[in-house]
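Student:
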Amino acid sequence: MKFDTPATTNPIDQLKVVGKPTNRIEGPLKTTGTAPYAYEHQDFAATQAYGYVVGSAIAKGKIASMNLDEAKAAPGVLAIVTAANAGKLGKGDFNNATLLGGPGIEHYHQAVALVVAGSFEQARAAASLVRVEYTRDKGAYDLSATVGTAGKAPVLYGNQPDTAVGDFASAFAAAPVQLDARYSTPDHAHAMMEPHASIASWEGDKLTVWTSNQMIAWSAGDVAKTLGLPKENVRLLSPYVGGGFGGKLYVRADAILAALGAKATKRPVKVALQRPLMMNNTPHRPATIQRIRLGATPDGKLTAIGHESWSGDLNAAKPEGAVAQTRLLYAGANRMTAMRIAALDLAEGNDMRAPGEAPGMMALEVAMDEMAEKLGLDPVQFRILNDTQVDPEAPSRPFTQRQLNKCLQMGAEKFGWSKRGKPASTRDGKWLVGMGVAAAFRNNLNANSAARVRLSSAGIVTVETDMTDIGTGSYTIIAQTAAEMMGVPLDNVVVKLGDSSFPVSSGSGGQWGANSSTAGVYAACVKLREAAAQKLGLNPADAVFADGKVKVGRRSFALGDAAKDGELVAEDRIEFGKLAEEKQQSTFGAHFVEVGVDSATGEVRIRRMLAVCAAGRILNPKAARSQVIGGMTMGAGAALMEELAVDKRFGFFVNHDLAGYEVPVHADIPYQEVIFLDETDPNTSPMKAKGVGELGICGVAAAVANAVYNATGARVRSYPITLDKFIDKLPEMT
Amino acid sequence: MQTPEDHELSRRGVLVGGAASVAAVTLVPTATPAGAASAPAVPPTAEVAFKVNGTAHSLELDTRVSLLDALREHLHLTGTKKGCDHGQCGACTVIVDGRRINSCLALAVMHDGDEITTIEGLGTPDRMHAMQEAFVVHDGYQCGYCTPGQICSAVAVLDEIKAGIPSHVTADLTLAPAVTNMEIRERMSGNICRCGAYPNIVAAISDVAGVKA
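For the protein sequence lines, the chains are C and G, in the order given.
To convert, note that position 225 of the first sequence is 206 in this note's numbering; the numbers rise steadily by one, no gaps.
To convert, note that position 28 of the second sequence is 27 in this note's numbering; the numbers rise steadily by one, no gaps.
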């Protein structure tokens, strides 16, 4: 089904099932420990062997020699895979560094060996006997040292490294009120709870990998490419994914090494990346240094907006697109953005939840707060004043929907924003109390997505698509979509996901999954409705699918009757046309945060959080709210604690486990409120939905930062906002 | 390979690296000083007997097997999750003789004679425990990987409060602790949820405890 004109009324608009806050259909499995994740498939339990990964102890250089003798002689060892014995390996389209290093080493903890043994304990013990001698080369690890020398970034998702509209330099120079500030955001780890894990098994030259991956088709392709196999010889299964956040978009070492280990031992092999290995072995969100210049008239109209960002990556391959939102968020006739990138020899940087916008908004929305203060304007009002209903770079291109102002206004009212005082003026006992606001913004992306639907004579509808559910609610919203389309109760829908033998979906990433994958299921269900109606001798255009029946006028059949001579199967794909080029599709919101800062110690505690979101039709308000509060929580971490600390001499992230890399815990997160504005967007798909999974994180950290400023009067421009950065600026104790 | 020497990048290593960044590095582990000669051909095993979810098990295990891996790899009870294997995340929480522990930090052979309850022992998809049902209703999870640990912890937390065991946020140690939002959040803080379902988890626990979140 081509989607190239805005949707009109369709069966989804009935909203009998879609749009309801349904419990997740896989909830009883997840809460009873019976949902099988990658490392837990039992098909090979009797014969499987265990792999343990050895990571490089240097960041850049060469393996001078490897001595495997002791490790090979250790009890239970079946094989040791290294680059020297693995045969020729390719590199996946989505990988930067190779997944098995040697002799060249590209980053710290790059895998250099897999020890395979009969038990996990034997493999682990033998791995400690692998002797590696390295020759270390000089590497570049310090982003701040590269500012000034960094080159233009490659084009990133259509964003040029330099953009310009009007005459920024002159307009900024002439602006009566100016802001010129630098901000920095550190490297972040996805730190999903389930480690990267795979079980690989060969039958002849056919490979099956149970793995934990967000993008099945991409990754089946990259497994094949890396191992030099035809793509059809690789089957990937990933029905449950214990968190991804972008860290499982691509194939990682666990899958490739499990396959190589299984080949070497002729047994199924399972490999989970050890937690202390993950943060240097797998991608991370790259650190940024950002410069923002804003020029405004005295009454608060922005006339000049400039945003530059520096980031680094292995081989200078991929920038962190922190300037992306600045091209679209606020009005202003003269604007520029620039992305520069340096070659760093840390593990590769790549996508993490809202790549670009998450760190970009951390800077831009603090700059807006600073500018509002310079202008003597309320930061809510300042943003409303600079709203735009069209793409500021191409005014003939309107937004399909843009309710940012309403989000800000409603949020301010609900949160009690009018009670916000001047900086460092509000106290509650020993606590300095402050409120902060930030806009939330993330583009809505769509990706072609296919599904197969089956109808049984019992009236059961089964959906098959390689879509993944990484905690996002895919199982449930896909079931809701099929139930709505076929007129059956939710209990009569079975959803099967994450299998590369199923039709290729959008996968999970870039907050495109919900709208795209359900639209693919919609398309397949349209075909199944036609097939069912024809089978029953009804005109498909007149047939009404409801209450488990198909009716035309007074003629009524049980839906299952259409399959009484055999299962009906339909398959289709939603293919997105150029609607997204004609009008800008984005999601909007407003974050409000109240913090308390200990007046003596500088300890920051978040007291209240509110997000108001406008993101198209909300397919399941319960799951969507969870996505947004999850983003708010990750944003709180980015604001206050998350930082991969770089050892700039040896080139690695020092705090590479869950004890050293701090993420928010229960005690850090108070009650979080989320309001969704009533919105449907016929430009996005027949579902009229948009993404919300990344909107929730965009802007949160800035709202926290602005609240800390309001509480203390101390402005911190370097994340995370830890107390050492402002304790000397706290108001005098009275 | 991560070895003790690796962390000794401190001191001497720092000086070397600081002075000359191109250097040959040899990393020699110290774990088994004599290498293969001293390694036994067959790792030592021991017999351990415990009850899991009411069923008696007797296992002959490599003495290095953690309680977590005994459950997951030997008894195929994979509901208990391995998130970090280092006692940092709480995904492996199980209840042993009524108290919650991180099963990754315990060797299986330490638990001879113990009664262990895992997520599978609390309820099944068709007969869920009240806490499991509350997690479903309040959407107290997303990806589901930390969930069994959260639920085992939650069940034990309510028992701890009932038993009068104080926490860091209990204001008055002479009074019985109450089921409050902060008591729940403090006691649950050893269970990380990266998806960020925290307020929903607290709502689920409060619901089971019969208090307002």
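Beta carbons are placed, not taken as given, at the ideal position from N, Cα and C, and that holds for glycine.
Which residues in the same chain have their Cβ closer than 7 Å to the Cβ of Gln515 (chain C), if we skip the five residues on either side of it in sequence?
Tutor: Hits under 7 Å: Pro521.
Student: Could you name each continuous alpha helix (DSSP H) segment of 4 residues or more that falls completely within the segment 82 to 143 of chain C, going from the start of the chain to the end?
Tutor: Runs found: 101 to 108.
Student: What residue range does the alpha helix (DSSP H) around Ser497 (chain C) cover?
Tutor: Gly494 to Lys516 is the extent of the alpha helix (DSSP H) around Ser497 (chain C).
Student: Looking at chain G, which residues of the segment 330 to 357 of chain C have a Cβ within less than 8 Å of any of its Cβ atoms?
Tutor: Going along the segment 330 to 357 of chain C in chain order, one finds no residue with a Cβ nearer than 8 Å to chain G.
Student: For Tyr642 (chain C), tell me which candidate among C:Val111, C:Met174, C:Gly209 and C:Phe422 has the shortest Cα-Cα distance.
Tutor: Comparing Cα positions, the closest option is C:Met174.
Student: Since Phe526 (chain C) is in the beta strand (DSSP E), which residue starts that stretch and which ends it?
Tutor: Per DSSP, Phe526 (chain C) belongs to the beta strand (DSSP E) from Val525 to Ala527.
Student: For the beta strand (DSSP E) containing Leu160 (chain C), name the first residue and the last one.
Tutor: Looking at the DSSP string, the run of the beta strand (DSSP E) that includes Leu160 (chain C) is Val158 to Thr166.
Student: Spatial neighbours of Ala626 (chain C) within its chain, please: C-beta separation below 7 Å, excluding the five flanking residues on both sides.
Tutor: Excluding positions up to five away in sequence, the list reads Phe634, Val635 and Asn636.
Student: Under the three-state reduction of DSSP, which class applies to Thr12 (chain C): helix, strand or coil?
Tutor: Reduced to three states, the DSSP call for Thr12 (chain C) is helix.
Student: Given a limit of 7 Å on CB to CB distance, which residues of the segment 143 to 170 of chain G reach chain C?
Tutor: Taking 7 Å as the Cβ-Cβ cut-off against chain C, the residues of the segment 143 to 170 of chain G that qualify are Gly143, Tyr144, Cys145, Thr146, Pro147 and Ile150.
Student: Determine, using beta carbons only, whether Val469 (chain C) comes closer than 8 Å to chain G.
Tutor: By this cut-off, Val469 (chain C) is not an interface position.
Student: For Ser37 (chain C), which of helix, strand or coil comes out of DSSP?
Tutor: If DSSP states are grouped into helix, strand and coil, Ser37 (chain C) belongs with coil.
Student: Just to confirm my understanding: we take Gly680 (chain C), look at its own chain, exclude 5 residues before and 5 after, and list those with CB closer than 6 Å. What are they?
Tutor: Same-chain partners within the cutoff: Met342, Glu346, Ala419, Ala420, Ala421 and His572.
Student: Just the Cα atoms here: how many angstroms apart are Val298 (chain G) and His75 (chain G)?
Tutor: Lying before the first or after the last residue shown, residue 298 (chain G) is absent from chain G, which here runs from 0 to 212.
Student: Using a Cβ-Cβ cutoff of less than 6 Å, which residues in the same chain neighbour Tyr231 (chain C) once the five nearest sequence positions on both sides are dropped?
Tutor: Hits under 6 Å: Phe75.
Student: Along the segment 620 to 639 of chain C, what residues have a CB closer than 7 Å to any CB found in chain G?
Tutor: Of all residues in the segment 620 to 639 of chain C, Arg630, Phe631, Asp638 and Leu639 have a Cβ within less than 7 Å of some Cβ in chain G.
Student: Determine the direct distance from the alpha carbon of Ser219 (chain C) to that of His177 (chain C), and round the result to whole angstroms.
Tutor: For His177 (chain C) and Ser219 (chain C), the distance between alpha carbons rounds to 11 Å.
Student: Rounded to a whole number of angstroms, what is the C-alpha to C-alpha distance between Cys46 (chain G) and Glu59 (chain G)?
Tutor: Per the sequence shown, the amino acid found at residue 46 (chain G) is Glu instead of Cys. If you take the alpha carbons of Glu46 (chain G) and Glu59 (chain G), they lie about 4 Å apart.
Student: Secondary structure at Phe75 (chain C), three-state DSSP: helix, strand or coil?
Tutor: Coil.
Student: Does Leu218 (chain C) come out as helix, strand or coil in the three-state DSSP assignment?
Tutor: DSSP places Leu218 (chain C) in strand when its eight states are reduced to three.
Student: Any chance the segment 384 to 404 of chain C sits against the segment 294 to 309 of chain C, with 3 or more Cβ pairs inside 8 Å?
Tutor: No: fewer than three Cβ pairs fall under 8 Å.
Student: Rounded to the nearest angstrom, how far is the Cβ of Leu210 (chain C) from that of Ile197 (chain C), given a contact under 8 Å?
Tutor: Not quite, the Cβ-Cβ distance comes to about 16 Å (not below 8 Å), so this is no contact.
Student: Using DSSP with H/G/I as helix, E/B as strand and the rest coil, what is Ile118 (chain G)?
Tutor: It is helical.
Student: Relative to the C-alpha of Arg433 (chain C), which candidate in C:Thr189, C:Leu426, C:Thr443 and C:Gln370 has its C-alpha closest?
Tutor: When each option's Cα is compared against that of Arg433 (chain C), the closest is C:Thr443.
Student: Counting beta carbon pairs with one atom in the segment 662 to 671 of chain C and one in the segment 398 to 416 of chain C, are three or more of them shorter than 8 Å?
Tutor: Too few Cβ pairs lie closer than 8 Å, so no.
Student: Cα separation between Ser166 (chain G) and Ala153 (chain G)?
Tutor: C-alpha separation (whole angstroms): 14 Å.
Student: Could you tell me which residues DSSP pairs with Val627 (chain C) in its beta bridges?
Tutor: Answer by DSSP bridge pairing, in chain order: C:Phe634.
Student: Rounded to whole angstroms, how far is the Cβ of Leu95 (chain C) from the Cβ of Leu238 (chain C), which I believe are closer than 8 Å?
Tutor: 4 Å between Cβ atoms; contact.
Student: So does the segment 137 to 155 of chain G actually touch the segment 9 to 21 of chain C, counting three or more Cβ pairs closer than 8 Å?
Tutor: Yes, since at least three Cβ pairs between the segment 137 to 155 of chain G and the segment 9 to 21 of chain C fall closer than 8 Å, the two stretches touch.
Student: Does His572 (chain C) have its Cβ less than 8 Å from a Cβ in chain G?
Tutor: No, because no Cβ of chain G sits closer than 8 Å to the Cβ of His572 (chain C).
Student: How is Gly577 (chain C) classed by DSSP in three states: helix, strand or coil?
Tutor: DSSP places Gly577 (chain C) in strand when its eight states are reduced to three.
Student: Within 10 Å of its beta-carbon, does Ala155 (chain C) have 16 or more other beta-carbons around it, so buried, or fewer, so exposed?
Tutor: Exposed, because fewer than 16 other Cβ atoms sit within 10 Å of the Cβ of Ala155 (chain C).
Student: With H, G and I counted as helix, E and B as strand and the rest as coil, what does DSSP make of Lys(-3) (chain C)?
Tutor: Residue state, collapsed to three classes: coil.
Student: Could you check where the beta strand (DSSP E) with Val593 (chain C) kicks off and where it finishes?
Tutor: Start and end: Val585 to Ala595.
Student: Cys88 (chain G) versus chain A: which residues are under 7 Å apart at the beta carbon?
Tutor: The structure shown contains no chain A; its protein chains are C and G.
Student: Say whether the segment -7 to 11 of chain C touches the segment 109 to 118 of chain G, bearing in mind that this needs 3 or more beta-carbon pairs closer than 8 Å, one atom from each stretch.
Tutor: The segment -7 to 11 of chain C vs the segment 109 to 118 of chain G: no contact.
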